[in-house]
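Asker: This is the structure, below, for whatever I ask next.
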Ligand code: NAD
Ligand code: UDP
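Numbering (my numbering), first residue to last: 218 to 540.
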């Protein structure tokens, strides 16, 4: 087994973060989950609380934090448009002040620091699929900019701390990821459609449903994050992590309806402002540099996610807030 490290995961009680906590504990590491529980939930990490190598710190990363660490995964940031737009100033502070605080921690401790950036840095892309060399097409003053420009600023900070202070950094750009432990009220499309279908409520397609996304199952994504952290020091990124399979929202709605045997209707609602029309990762770099590519097909991943929400529903843990 690899040498045990002290690893901080900010946003560790969130959807992706909780899976990462599990995987790093299973690999023999000491894990400190730092979260302000804005969108994260104690239920996501409840099964880890008694683990001797697991700790939780309730903390908002916009405030400085003093911890020892060998590695820091910075996942703290609401990822769903509804949640990041609810307090856009705090979203921007989380990316900017949060990154400065974590890079300060890295400077003090020598920790290696990974930033969970996003495909949103490409905005509504004019290049398709999106390679890392594309600089993007982002509205700097729209309703999504607190998230998009926040993450772009975070990327700039990670690279400047590396150039100015020699901090070891890793930057990944995550494309739409889904799986168990998404919140039923998260507002993102996969959880919305599944919860709606299971409750025989209408599936809400925003706009005409011809916009596309590429969906990566969470286990694949976590593999990619860990491979990136373990990559040689000179691999800084940015590296796209996502599943290149591209689907329209109409196709996704039909797939969810079919896999849940749902009687739900499909209804159309207004398209949110600045909603990207197409999105698909070019993962040539991840394949070549990390030897990584996703292995879980959409249908397989949807079935696992549906099983999770079914179990939540049967425990009465889901109320329909999405529609
Ligand atoms: P999530 O909302 O489930 O998790 C985010 C976590 O960060 C939550 O636990 C939340 O409470 C915590 N958090 C938010 N602000 C914080 C703050 N100021 N201080 C401390 N904790 C804070 O979302 P997720 O899907 O798990 O996303 C995790 C990361 O991956 C985010 O940084 C997101 O931007 C990035 N990402 C996710 C996706 C995706 O499709 N899931 C795509 C691109 C990028
Ligand atoms: N979407 C939809 N119905 C929903 C939620 C989202 O049609 O109930 C659409 C949304 O407009 C976008 C796509 O699905 O085009 C993905 O939305 P999500 O919020 O999951 O992620 P993002 O837009 O950040 O990629």
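Just so you know, even glycine gets a beta-carbon here, dropped at the ideal spot from N, CA and C.
Rounded to the nearest angstrom, what separates residue 337 and residue 312 at their Cα positions?
Answerer: CA-to-CA, the gap between residue 337 and residue 312 works out to about 13 Å.
Asker: Would DSSP call residue 427 helix, strand or coil?
Answerer: coil
Asker: Among the candidates 308, 425, 449, whose CA atom is the shortest distance from the CA of residue 279?
Answerer: 308
Asker: Looking at the unbroken beta strand (DSSP E) that takes in residue 465, where does it start and where does it end?
Answerer: 463 to 465
Asker: By the DSSP assignment, the alpha helix (DSSP H) with residue 380 in it spans what residues?
Answerer: 362 to 382
Asker: Is it true that the region 278 to 294 meets the region 325 to 332, where meeting means three or more beta-carbon pairs spaced less than 8 Å apart?
Answerer: Three or more beta-carbon pairs drawn from the region 278 to 294 and the region 325 to 332 are found closer than 8 Å, and the two stretches are therefore classed as touching.
Asker: Classify residue 264 as helix, strand or coil using the three-state DSSP reduction.
Answerer: helix
Asker: Is any heavy atom of the ligand NAD found at a distance shorter than 7 Å from the C-beta of residue 293?
Answerer: yes
Asker: Could you tell me the boundaries of the alpha helix (DSSP H) in which residue 478 lies?
Answerer: Per DSSP, residue 478 belongs to no alpha helix (DSSP H) and is neither H nor E.
Asker: Would you identify the three-state DSSP class for residue 249, choosing helix, strand or coil?
Answerer: strand
Asker: Go to residue 335, then tell me how far its alpha helix (DSSP H) extends in each direction, as first and last residue.
Answerer: Careful: residue 335 lies outside any alpha helix (DSSP H), inside the beta strand (DSSP E) at 329 to 335.
Asker: Report the three-state DSSP secondary structure of residue 401 (helix, strand or coil).
Answerer: coil
Asker: Within this structure, are the beta carbons of residue 253 and residue 236 separated by less than 8 Å?
Answerer: no
Asker: Helix, strand or coil for residue 308? Go by DSSP, reduced to three states.
Answerer: helix
Asker: Given a cut-off of 8 Å, decide if residue 305 and residue 499 are closer than it, judged by their beta-carbon atoms.
Answerer: no
Asker: Grab me the residues of residue 265's own chain with a C-beta within less than 7 Å of its C-beta, minus the 5 sequence neighbours each way, in chain order.
Answerer: 238, 239, 242, 271
Asker: Identify the continuous alpha helix (DSSP H) that holds residue 483 and give its terminal residues.
Answerer: Careful: residue 483 lies outside any alpha helix (DSSP H), inside the beta strand (DSSP E) at 483 to 486.
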